[in-house]
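Take 74 as the starting number for the sequence shown in the working numbering and just add one per residue. Glycine included, each C-beta is placed from N, C-alpha and C at the ideal position. From a predicted model like this one, the values you see are computed outputs, not experimental measurements.
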Amino acid sequence: MYVVTNRNLQPNQPPEKRFGKKFNEVDPSELRLAEVNKVDGSWELRILEDKQVYEGREMPASEVAFLKTQKRMCENSANCLIFCHGYNTDFPKALKAAFNIQKTYDNLEVILFSWPSDGDGVPSYRSDKREASQSAYALDRFFEKLNDYLKKYREEDRRCGQKISFAMHSMGAYLLEHLLKSPIYEGETLYFDNIIMMSSDVNSQDHADWVDRIKCRNRLFITINEDDFALGFSELKGGEEQEARLGNTARNLNSGNATYLNFTDVKSVGKAHNYFSKKKPLENQLVKKTFQIAFSGGRAEQGLTFDQGTGAYNVI
Numbered sequence: 074m075y076v077v078t079n080r081n082l083q084p085n086q087p088p089e090k091r092f093g094k095k096f097n098e099v100d101p102s103e104l105r106l107a108e109v110n111k112v113d114g115s116w117e118l119r120i121l122e123d124k125q126v127y128e129g130r131e132m133p134a135s136e137v138a139f140l141k142t143q144k145r146m147c148e149n150s151a152n153c154l155i156f157c158h159g160y161n162t163d164f165p166k167a168l169k170a171a172f173n174i175q176k177t178y179d180n181l182e183v184i185l186f187s188w189p190s191d192g193d194g195v196p197s198y199r200s201d202k203r204e205a206s207q208s209a210y211a212l213d214r215f216f217e218k219l220n221d222y223l224k225k226y227r228e229e230d231r232r233c234g235q236k237i238s239f240a241m242h243s244m245g246a247y248l249l250e251h252l253l254k255s256p257i258y259e260g261e262t263l264y265f266d267n268i269i270m271m272s273s274d275v276n277s278q279d280h281a282d283w284v285d286r287i288k289c290r291n292r293l294f295i296t297i298n299e300d301d302f303a304l305g306f307s308e309l310k311g312g313e314e315q316e317a318r319l320g321n322t323a324r325n326l327n328s329g330n331a332t333y334l335n336f337t338d339v340k341s342v343g344k345a346h347n348y349f350s351k352k353k354p355l356e357n358q359l360v361k362k363t364f365q366i367a368f369s370g371g372r373a374e375q376g377l378t379f380d381q382g383t384g385a386y387n388v389i
């Protein structure tokens, strides 16, 4: 699995702590690329140098990573999911979350985008919000580079026929919101088949103003769980900017660009904030199937019941 991150390097730490809780020493938008694996329960991490030799040619490490991922996708008939974590997620937690997704779902190559969330619990909530907003340029640079390679190798991609999607959890949506509201955004998300905003820790009010700017090939999904305990806590944080959270509010679901998926009252989900990779929620096969389709670039709402009152599809 590849990791793209704007976290600071900690060269003397074990692999799962090789990246820290601060920004890259050069700049918050500076990115590093690493290859991660887990062998016999132990993490292995290799930070890639700027240049690599691949099939006899020297090229940027990011281009080599793209070509190797594309090759595996073709050979295994796998789709690709880029995953961006949320608040209270240090690097070890980010690795675990991404590997859980790759292990849980079939035929899925996962690429982790990790920003410097502290992972220190309640005290770091406001600092994590600042770091998420400051990571928008890093995410944009990643999207632009990926877009360049998709255009360069378009013919190979068409022969492969696999799909690529982007999912973000919780405060990861706050990062995307800042990118969408920034003048640097130029529709770089258009090449994603699906975009999935899970348990979004952003204001529900007026979310359509920026969500309607998101471009993708197929679907933009927004998941809802009105009983989400973490977002219920998030609403209690003070300040004029903190309003009802999008991920636990089934009111004013009015984006013409989004397809809302409502997981409220699903017995296995309960009060969960993460119901896409945790064991208990995924005991419900419909929950797992819905995310499998969404992560694979498909139409996850098909077969679900549409609720005219909320404007969401009920996953129940």
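Discussion item. Bridge partners for Trp283 per DSSP, in chain order?
Written reply: DSSP output for Trp283 lists no bridge partner at all.
Item to complete: Since I believe Ser350 is in contact with Arg318 (beta carbons under 8 Å), could you give me their beta-carbon distance rounded to a whole number of angstroms?
Response: About 20 Å separates the two Cβ atoms, so there is no contact after all.
Worksheet entry | Exposure label - Asp100; buried when at least 16 CB within 10 Å | exposed
Worksheet entry | Helix, strand or coil at Gly320 [DSSP, three-state] | helix
Fill in: Residue burial classification, Thr363 (beta-carbon count within 10 angstroms, cutoff 16)
buried
Worksheet item: Using DSSP with H/G/I as helix, E/B as strand and the rest coil, what is Phe215?
Response: Helix, per DSSP.
Worksheet item: Nearest CA to the CA of Pro256: which residue from Asp213, Gly234, Asp191 and Lys224?
Response: Closest by alpha carbon: Asp213.
Item to complete: Grab me the residues of Phe379's own chain with a C-beta within less than 6 Å of its C-beta, minus the 5 sequence neighbours each way, in chain order.
Response: Excluding residues up to 5 positions away in sequence, Tyr386 lie with their Cβ nearer than 6 Å to the Cβ of Phe379 in the same chain.
Discussion item. To the nearest angstrom, how far is the alpha carbon of Thr177 from that of Gln381?
Written reply: 32 Å
Item to complete: Taking 8 Å as the threshold, find out whether the segment 150 to 157 comes into contact with the segment 333 to 348 through three or more Cβ pairs.
Response: no
Worksheet item: Could you give the C-beta distance for Arg227 and Phe265, rounded to a whole number, given that I count them as a contact under 8 Å?
Response: Not confirmed; about 15 Å, so no contact.
Worksheet item: Do the segment 115 to 130 and the segment 89 to 107 touch if we need at least three Cβ pairs shorter than 8 Å?
Response: The answer is yes - the segment 89 to 107 touches the segment 115 to 130, with three or more Cβ pairs under 8 Å.
Fill in: Between the CA atoms of Lys225 and Val126 - distance to the nearest angstrom
Spanning the two alpha carbons is a distance of roughly 18 Å.
Discussion item. Using a Cβ-Cβ cutoff of less than 6 Å, which residues in the same chain neighbour Ala281 once the five nearest sequence positions on both sides are dropped?
Written reply: Within the same chain, and ignoring the five residues on either side of Ala281 in sequence, the residues whose Cβ sits closer than 6 Å to its Cβ are Asn327 and Ser328.
Practice prompt. Buried or exposed for Gly320, please, with buried defined as at least 16 other CB atoms from any protein chain shown within 10 angstroms of its CB.
Written response: buried
Discussion item. So, with DSSP's three-state summary, where would you put Val360?
Written reply: Val360: helix per DSSP, three-state reduction.
Discussion item. Going by the DSSP bridge assignment, what does His242 pair with across the sheet?
Written reply: Met271
Practice prompt. Could you have a look at Gly93 and say whether DSSP puts it in helix, strand or coil?
Written response: strand
Item to complete: Find out if the Cβ-Cβ distance for the pair Arg372, Arg292 is shorter than 8 Å.
Response: Contact: yes.
Worksheet entry | Arg324 burial status per 10 Å Cβ neighbour count (16 or more: buried) | exposed
Practice prompt. Return the residue from the list Ser206, Arg203 and Ile237 that minimises the CA-CA distance to Leu219.
Written response: Ile237
Worksheet item: Which word fits Gln86, buried or exposed, when buried means at least 16 other C-beta atoms lie within 10 angstroms of its C-beta?
Response: exposed
Practice prompt. Please state if the CB of His251 and the CB of Met271 are separated by a distance shorter than 8 Å.
Written response: no
Item to complete: Could you name the residues of the same chain whose beta carbon sits closer than 7 Å to that of Phe216, not counting the 5 residues immediately before and after it, in chain order?
Response: Glu261 and Thr262
Fill in: Buried versus exposed, by CB contacts within 10 Å (16 or more), Lys202
So Lys202 ends up on the buried side.
Discussion item. Alpha carbons only, please: which of Asn161, Ala331, Thr332 and Pro354 is nearest the one belonging to Asp338?
Written reply: It is Pro354.
Item to complete: Quick one: residues in its chain with C-beta nearer than 8 Å to the C-beta of Ala205, no 5 flanking neighbours on either side, listed in chain order?
Response: Tyr160, Trp188, Ser190, Met244, Gly245, Tyr247, Leu248 and His251
Discussion item. Quick check on DSSP: helix, strand or coil for Pro256?
Written reply: coil
Fill in: Chain-order list of residues whose beta-carbon lies under 8 Å from that of Leu377 (same chain, five-residue window excluded)
Leu334, Thr363, Tyr386, Asn387 and Val388
Worksheet entry | C-beta atoms of Ser369 and Glu316 nearer than 8 Å | no
Practice prompt. Going by CA-CA distance only, name the one from Phe302, Lys352 and Glu374 that's closest to Thr332.
Written response: Glu374
Worksheet item: Residues in its own chain within less than 7 Å of Ser135 by CB, not counting five upstream and five downstream?
Response: Leu106 and Lys218
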